[in-house]
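To start, the structure itself, in structure tokens.
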Amino acid sequence: MSVLVMSKAEVGGVMGRFTTDTELVAAVRAASAQGHDRLEAFAPFPVPGLAEALGFQPRPIPVYALGAGVLAAAGVLFLQWFSSVIDYPVVVGGKPLASWPAFLPVTFEVGILVAALTAVVMMLAGNRLPRPHHPVFDYPAFGRASDDGFFLMIHTPDPDSARRCLQGLGAEDIEEVGT
Amino acid sequence: MNPFRLWLPLAITLMAGAAGAWQSPEGALQSWLAVVLTWGALPLGALAILMTHGLTGGRWGTVTRPLWLALAGTLPVFVVAMVVPVLGIGLLFPWTAPASSLPELVQNKLLYLNEPFFVLRSLFYGCVWLALAWGLGVWRGRARRIHAPGLILWLLILTFFGFDWFMSLEPLFYSDIYGLMLATGFGSAALAFGMLVQPGSAGESPRRDLANLWLAVLLGWMFMAISQYIVIWSANLPDEIGWYLARNESPWFEMGWLSFGLFFLVPFLILLSGTAKGRGTWLKTAAVTCLVGHLLQVHWLILPAFGEWQPVQLWLTPVLLVATGAGFLAMVRAGFQTRTERAEVMP
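Residue numbers (my numbering), protein chains in the order written: chain A, 8 to 186; chain B, 40 to 386.
Shown next, in the form of structure tokens:
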């Protein structure tokens, strides 16, 4: 599995490989200290502290998911109430038309479904997925991102400075990657 | 440990119990049953938590293990306390009346609901619980690998325990899902107890895992309890709906809603927030309301079966709850200290 954490991207850049996760986190810190602010990191597993080093800001997905879930539940509750009380009233089992226990299962299920879908869609959008191809796939050493390679990519219009930066940090397999 | 912490609650319990039994044996027995099941739910839940952790592993269970062991260590006292209602089944259970006076539906259940078989079953449940606790290393250092079969056995035993000690108080009533509701309810109560006692020393990340687990079990309870309600409410059959009708009257109606709010709704709303899950004070607030809700809920499940409140219960139930609760806490505390020391000696 390769884990991809993005900050700002979409310009070509230079990529280098590190051998341990701590080196990668240190390299991210050092590169941003040298003024490179468009960094992308790739690791075979979630590295603690990497997202923070890249300046990742958590998005309020839970709040949106909750809001969407509550709205959907309310809407579906209204739909059931409207259809069984106003639009098509049928007495079932001698119970009142507006019998709230009968409305609970659908309200609950739809609320959960919409909250989960909202979270999934926002997660995909936040990661800019689906994306069938990414320029780093052309970089030969990248296969090791799912094995033992920890990669740092510096997006910059000035590849030479990025190359020097990566060399200074002790990266291997340094190569330029297109957009 | 200060021995008064144990002897004083025991003395008060015995005196209050004797005075209550002298005033009204039925009333005292009913109060005793509800009180013992309220506290007994916690060690039973702790057994399931220990076995779940044995299956999954994880830091959440390693750091809190002494607490679950200490809780499960009170099981013998629970089993002994259940001897009193076993001796008084003639006063507690309507199906012990002469068969000819029972409704036909209950007469058909007498092959299962009869005194010798009932006592044997209760004895068996007690033995299985003690054996599980022993096998999980509650009294010895090492746990045996009984977690998967143990958990299945635990759920089966709790289901039958629910049939016998909860449902057969109203022998017309029957519900398949009752055992699952008890299992998730007892598990939530035990996790709430753990949240209340442990959080400071557990550390941030295991505590968050524990809170997530607790939220999942609470949701499971809500699912079981509401499923049972919706199924019985929809079918509206005379034998089943009577159970809810009895709880639709004051004070059970108010108590039912209050316990739903305290046991489930307040902890659920608190645990929804990721920030609150990281804060000890919020978690403790949720744990306290959940435990109060658990107390109300056990009484709500048991007491409406007996119809009117007996006057003796007005003073006896609170006195017994406080006295047995104090003794229970003292035992858990002492067990927790010895087990923490033992865990430090041999890692």
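For each residue, glycine too, the CB sits at the ideal point set by N, CA and C. Quantities reported herein were computed from a predicted structural model and do not represent experimental measurements.
Should residue i and residue j be called a contact, given that it needs their Cβ atoms to be closer than 8 Å?
| i | j | result |
| --- | --- | --- |
| residue 78 of chain B | residue 363 of chain B | yes |
| residue 157 of chain B | residue 128 of chain B | yes |
| residue 45 of chain A | residue 178 of chain A | no |
| residue 369 of chain B | residue 208 of chain B | no |
| residue 306 of chain B | residue 99 of chain B | no |
| residue 372 of chain B | residue 108 of chain B | no |
| residue 367 of chain B | residue 113 of chain B | yes |
| residue 59 of chain B | residue 334 of chain B | no |
| residue 303 of chain B | residue 257 of chain B | yes |
| residue 184 of chain A | residue 42 of chain A | no |
| residue 210 of chain B | residue 133 of chain B | yes |
| residue 94 of chain B | residue 187 of chain B | yes |
| residue 32 of chain A | residue 56 of chain A | yes |
| residue 330 of chain B | residue 263 of chain B | no |
| residue 310 of chain B | residue 254 of chain B | yes |
| residue 70 of chain B | residue 267 of chain B | no |
Counting along the chain, where does the beta strand (DSSP E) carrying residue i start and finish?
| i | result |
| --- | --- |
| residue 337 of chain B | Not the beta strand (DSSP E): residue 337 of chain B falls in the alpha helix (DSSP H), residues 319-341. |
| residue 154 of chain A | It is not in any beta strand (DSSP E) - residue 154 of chain A carries neither H nor E in the DSSP assignment. |
| residue 22 of chain A | 20-25 |
| residue 67 of chain B | No beta strand (DSSP E) holds residue 67 of chain B; the alpha helix (DSSP H) holding it covers 64-95. |
| residue 48 of chain A | 46-50 |
In whole angstroms, what separates the C-alpha of residue i from that of residue j?
| i | j | result |
| --- | --- | --- |
| residue 72 of chain B | residue 121 of chain B | 8 Å |
| residue 234 of chain B | residue 338 of chain B | 23 Å |
| residue 142 of chain B | residue 279 of chain B | 14 Å |
| residue 21 of chain B | residue 332 of chain B | This structure cannot speak to residue 21 of chain B, because chain B is shown only from 40 to 386. |
| residue 206 of chain B | residue 216 of chain B | 11 Å |
| residue 97 of chain A | residue 269 of chain B | 19 Å |
| residue 163 of chain B | residue 182 of chain B | 22 Å |
| residue 145 of chain B | residue 288 of chain B | 24 Å |
| residue 275 of chain B | residue 213 of chain B | 13 Å |
| residue 172 of chain A | residue 139 of chain A | 30 Å |
| residue 150 of chain B | residue 195 of chain B | 20 Å |
| residue 191 of chain B | residue 89 of chain B | 13 Å |
| residue 170 of chain A | residue 39 of chain A | 14 Å |
| residue 178 of chain B | residue 227 of chain B | 24 Å |
| residue 380 of chain B | residue 104 of chain B | 12 Å |
| residue 222 of chain B | residue 197 of chain B | 7 Å |
| residue 155 of chain A | residue 22 of chain A | 16 Å |
| residue 122 of chain A | residue 76 of chain A | 4 Å |
| residue 58 of chain A | residue 74 of chain B | 51 Å |
| residue 225 of chain B | residue 294 of chain B | 18 Å |
| residue 261 of chain B | residue 133 of chain A | 33 Å |
| residue 125 of chain B | residue 154 of chain B | 9 Å |
| residue 173 of chain B | residue 176 of chain A | 57 Å |
| residue 312 of chain B | residue 45 of chain B | 39 Å |
| residue 102 of chain B | residue 382 of chain B | 10 Å |
| residue 299 of chain B | residue 145 of chain A | 58 Å |
| residue 297 of chain B | residue 157 of chain A | 54 Å |
| residue 67 of chain A | residue 315 of chain B | 15 Å |
Could you tell me the boundaries of the alpha helix (DSSP H) in which residue i lies?
| i | result |
| --- | --- |
| residue 391 of chain B | An answer regarding residue 391 of chain B cannot be provided, because it is not within the stretch 40 to 386 covered by chain B. |
| residue 172 of chain B | 154-174 |
| residue 124 of chain A | 107-133 |
| residue 104 of chain B | 98-111 |
| residue 183 of chain A | Looking at the DSSP string, residue 183 of chain A is not in any alpha helix (DSSP H); the run it does join, the beta strand (DSSP E), is 179-184. |
| residue 119 of chain B | 114-120 |
| residue 243 of chain B | 243-274 |
| residue 73 of chain A | 68-88 |
| residue 285 of chain B | 277-285 |
| residue 217 of chain B | 217-236 |
| residue 28 of chain A | 28-40 |
| residue 298 of chain B | 291-299 |
| residue 145 of chain B | 143-146 |
| residue 140 of chain A | Run containing residue 140 of chain A: none; DSSP gives neither H nor E here. |
| residue 200 of chain B | 186-200 |
| residue 140 of chain B | Careful: residue 140 of chain B lies outside any alpha helix (DSSP H) and carries neither H nor E. |
| residue 169 of chain A | 166-175 |
| residue 104 of chain A | Looking at the DSSP string, residue 104 of chain A is not in any alpha helix (DSSP H), and its letter there is neither H nor E. |
| residue 59 of chain A | 57-60 |
| residue 128 of chain B | 128-131 |
Any chance the region 84-96 of chain A sits against the region 110-117 of chain A, with 3 or more Cβ pairs inside 8 Å?
-> Yes, the region 84-96 of chain A touches the region 110-117 of chain A.
Is the region 120-131 of chain A in contact with the region 67-74 of chain A, if contact means three or more CB pairs nearer than 8 Å?
-> yes
Give a yes or no on contact between the region 149-163 of chain A and the region 103-112 of chain A, applying the rule of three or more CB pairs nearer than 8 Å.
-> no
Would you say the region 20-39 of chain A touches the region 88-96 of chain A, given that touching needs at least three Cβ pairs under 8 Å?
-> no
Would the region 310-325 of chain B and the region 246-257 of chain B be scored as touching if the rule is three or more Cβ pairs under 8 Å?
-> yes
Is it true that the region 82-99 of chain B meets the region 56-68 of chain B, where meeting means three or more beta-carbon pairs spaced less than 8 Å apart?
-> Between the region 82-99 of chain B and the region 56-68 of chain B, the count of C-beta pairs closer than 8 Å stays below three; the two stretches do not touch.
Interface positions of the region 264-279 of chain B facing chain C (Cβ-Cβ less than 8 Å), listed along the chain = Among the protein chains in the structure shown, which are A and B, there is no chain C.
In chain order, each alpha helix (DSSP H) run of at least 4 residues that lies wholly inside the region 336-379 of chain B = Here no run is fully enclosed.
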